[in-house]
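Taking it in order: structure first as structure tokens, then the write-up.
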Amino acid sequence: MEEIKVEANIKVLIVDDFQTTRRSLRLLLRSYNYKYLEEAVDGKEALRKVEDDDKIGLILLDWNMPKMNGLAFLKELRKNSDKDYIKIIMVTAESLQDHIMSAVKAGVDEYIIKPVTQENLQDKIISVVNKEVKKAKMKLNDRIAKLKQHEESLKSEYQNVVREGLLEIKNASSIYPWLPDPHFYTGYLYQELGELIKAAKEYETALTVDTRHSNASIALGKIYLKWKQGDKAVRLLNVVASRKPTSDVLQALGEAYLTSGDNNKAILTFKKSIDLYENIINSKNKKPEVSTEMAQKHEGLGVAYQNKFDETKETQWQQKSIQSLEKSIEYDHRYISAHFNLICAYKKAGEEEKAAVILKRTAEITPNDSEGWVSLAKVYIKTKQDDKAAFAIKKAVEHSDNPAHTYFEIGSIYIEHDLDTALKFLNKSLEIEPIQAHTLNKLGIIYRKKGMHEKAIEHYRKGHEIDPDDEIILYNMASAILDSNDPEKIPKATFHLKKAIEIAPNLQSAHDLLSNIQKLK
653 MEEIKVEANI KVLIVDDFQT TRRSLRLLLR SYNYKYLEEA VDGKEALRKV
703 EDDDKIGLIL LDWNMPKMNG LAFLKELRKN SDKDYIKIIM VTAESLQDHI
753 MSAVKAGVDE YIIKPVTQEN LQDKIISVVN KEVKKAKMKL NDRIAKLKQH
803 EESLKSEYQN VVREGLLEIK NASSIYPWLP DPHFYTGYLY QELGELIKAA
853 KEYETALTVD TRHSNASIAL GKIYLKWKQG DKAVRLLNVV ASRKPTSDVL
903 QALGEAYLTS GDNNKAILTF KKSIDLYENI INSKNKKPEV STEMAQKHEG
953 LGVAYQNKFD ETKETQWQQK SIQSLEKSIE YDHRYISAHF NLICAYKKAG
1003 EEEKAAVILK RTAEITPNDS EGWVSLAKVY IKTKQDDKAA FAIKKAVEHS
1053 DNPAHTYFEI GSIYIEHDLD TALKFLNKSL EIEPIQAHTL NKLGIIYRKK
1103 GMHEKAIEHY RKGHEIDPDD EIILYNMASA ILDSNDPEKI PKATFHLKKA
1153 IEIAPNLQSA HDLLSNIQKL K
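Take 653 as the starting number for the sequence shown in the numbering used here and just add one per residue.
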């Protein structure tokens, strides 16, 4: 029989005018580990005890008693809303249906027909608990549903306010459209709505009007990073950093170097960003105990060190990576992304026990940010834990403000491990946002890896139509054309490579491929 476990501070009141019945019920309750038991011989005494003792949480109540019977006591007690928490089980020899209905109407929680056995008393107590749990769950679900409705209403209202702001800024700037700030703020508002392509165009317009507009450069650079266009972000942010090397600019530039694969420059840039930030903090004579900004900076440095280890296999970089990621968590113990990257670093170092400890901690934090779940999915994908990866991906999408970007991130991770799965997630991204040059580029890469050169070229062309100035797409398209059976492949590839070099003169891979083609001639 299942043992009932109760809180030690809960008291049970036995109300019955027969001493033998009270003793019998006391023995049964003792067998269930109830430690605090009280007795009353009638309803009036029971009312006094309940009034004086707020620890009474359960009453076993007889029907027929002198002075005040069980039904009268029940009605009187239920008048007091402050005592609603007390659960009452009627224990009586009365089995008439109208008696049972009267007790139910008066507010009884359960009803036992004598004789009381160990089994039927336990069943009734369990029933009372289950009813209360169900009632609490229904109340909680109702409150959650109302909160979600309120949240959706607020989100919709916020979007309406943003769109009104967009219209007002556009109307205000239409008289003289050659100012950068209106385009910058318009881009910011589009970004708030999740419309990154429109945001990027506005930031680009702001920079066309004023090439020194730092805020537009940083905002556009961060969008390029979201799109995994690291080379574009590097070029843009380098210009800003040369003029205004703040800690935030260097942080964004470090992330750009990471995305473009230049780990040496990423390490140097993250270090400079950290030094600048520490100088600012020290000048104020106040070092923050919790700093998400510092956590992000040390995480970036840790990831750069880890990439350096992947390149060289030198353990010094691995140890530096772990130290930086541990420092990131010291600055912000709830910073999910750093936790997940540290799990990955520990696993690479063979420190499975430490990885397990961090993984357990992340479960306690209960992450709600999409990027953190993406990082965890990356760990599971790399370690081939498919079920856990699927769960992390599901959570990443649930918590994402931009599911198209999240599917793109997951698809990009899978390119190294499973091309078909990568295709699935990248196509999901494209279904949500069809005008994504970076996603079409990734799809082209996958089709090329699968030997489907015509399909790769088709996707590169679509990407090029969306973003004609993306040199990487042009380079990839030239490479795919050279792999195809097109009789005109040499002149076509040459054309695209020259165009790529015109846009990005420092794109060495394009120079090398063009040189190889010219040798073939």
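Note that the Cβ used here is the ideal one computed from N, Cα and C, for glycine as well.
Residue i at chain C interface by Cβ criterion, 8 Å
i       : result
Ile1153 : Structure shown: chain C not included; a single protein chain is present.
Where residue i falls: helix, strand or coil (DSSP)
i       : result
Ala664  : Per the sequence shown, the amino acid found at residue 664 is Val instead of Ala. Residue state, collapsed to three classes: strand.
Asp714  : strand
Ala1174 : Any property of residue 1174 remains undetermined from this structure, which presents the chain solely from 653 to 1173.
Lys789  : helix
Val1031 : helix
Ile827  : coil
Glu703  : helix
Thr860  : helix
Pro1086 : coil
Pro832  : helix
Asp1121 : coil
Lys719  : coil
Gln1037 : coil
Pro1055 : helix
Ser805  : helix
Lys878  : helix
Gln749  : helix
Lys776  : helix
Pro1143 : helix
Leu1166 : helix
Asn1158 : coil
Leu818  : helix
Lys1102 : coil
Ser976  : helix
Val768  : coil
Lys1012 : helix
Ala1001 : coil
Ile1097 : helix
Asp927  : helix
Selection from the options that minimises the alpha carbon distance to residue i
i       : options                               : result
Thr944  : Phe961, Lys1151, Ile926 and Lys1012   : Ile926
Ser1022 : Ile1133, Phe1043 and Ile1010          : Phe1043
Leu845  : Ala1152, Leu1166, Asp1053 and Phe1077 : Asp1053
Cys996  : Lys1036, Asp984, Thr964 and Arg986    : Lys1036
Arg864  : Val891, Lys798, Asn1137 and Glu930    : Val891
Thr921  : Leu902, Asp706 and Tyr929             : Leu902
Lys757  : Leu723, Met790 and Ile765             : Leu723
Asn959  : Ser935, Leu689 and Asp914             : Asp914
Tyr840  : Ser899, Glu809 and Ile875             : Ile875
Thr1073 : Tyr842, Ala1089, Glu1005 and Ala1041  : Ala1041
Val664  : Pro897, Gln671, Pro1143 and Leu677    : Leu677
Leu712  : Gln774, Lys719 and Lys999             : Gln774
Tyr983  : Tyr957, Leu994, Gln948 and Lys1012    : Gln948
Lys1144 : Ile1155, Ile778, Ala1130 and Ala1152  : Ala1130
Pro829  : Ala858, Leu689, Ala1156 and Ile778    : Ala858
Lys923  : Asp962, Ser976 and Asp794             : Ser976
Ser989  : Val955, Lys1151 and Tyr837            : Val955
Lys880  : Tyr1112, Asn1093 and Glu1140          : Asn1093
Ala1048 : Asp1038, Val1026 and Tyr1066          : Val1026
Distance between beta carbons of residue j and residue i, contact taken as under 8 Å
i       : j       : result
Ile1098 : Leu1075 : 6 Å
Ala908  : Gly882  : 5 Å
Leu910  : Ala918  : 5 Å
Ile1169 : Thr1146 : 6 Å
Leu776  : Ile740  : Position check: residue 776 holds Lys in this sequence, whereas Leu was assumed. That belief does not hold up - the Cβ atoms of Lys776 and Ile740 are roughly 11 Å apart, past 8 Å.
Gly906  : Leu888  : So it is not a contact: roughly 14 Å between Cβ atoms.
Leu1078 : Tyr1059 : 7 Å
Tyr1127 : Leu1149 : 7 Å
Asp694  : Asp669  : 6 Å
Ile1109 : Ser1136 : 7 Å
Ile1033 : His1069 : 6 Å
Beta bridge counterpart(s) of residue i as assigned by DSSP
i      : result
Val689 : At residue 689 the sequence reads Leu, which differs from the Val that was named. According to DSSP, Leu689 bridges with Val664.
Ile708 : Lys663
Tyr855 : Its beta-bridge partners do not exist; DSSP assigns none.
Tyr763 : Met742
Residue i: first and last residue of the uninterrupted alpha helix (DSSP H) it sits in
i      : result
Val891 : Gly882 to Arg895
Asn959 : Thr944 to Thr964
Tyr987 : Here Tyr987 belongs to no alpha helix (DSSP H), and DSSP marks it neither H nor E.
Thr673 : Gln671 to Ser683
Glu907 : Ser899 to Ser912
Endpoints, the beta strand (DSSP E) within which residue i is located
i      : result
Thr744 : Lys739 to Thr744
Residue i CB to nearest heavy atom of the ligand PLP below 7 Å
i       : result
Glu1140 : By its list of ligands, the structure shown contains no ligand whatsoever, and the ligand PLP lies outside what it can speak to.
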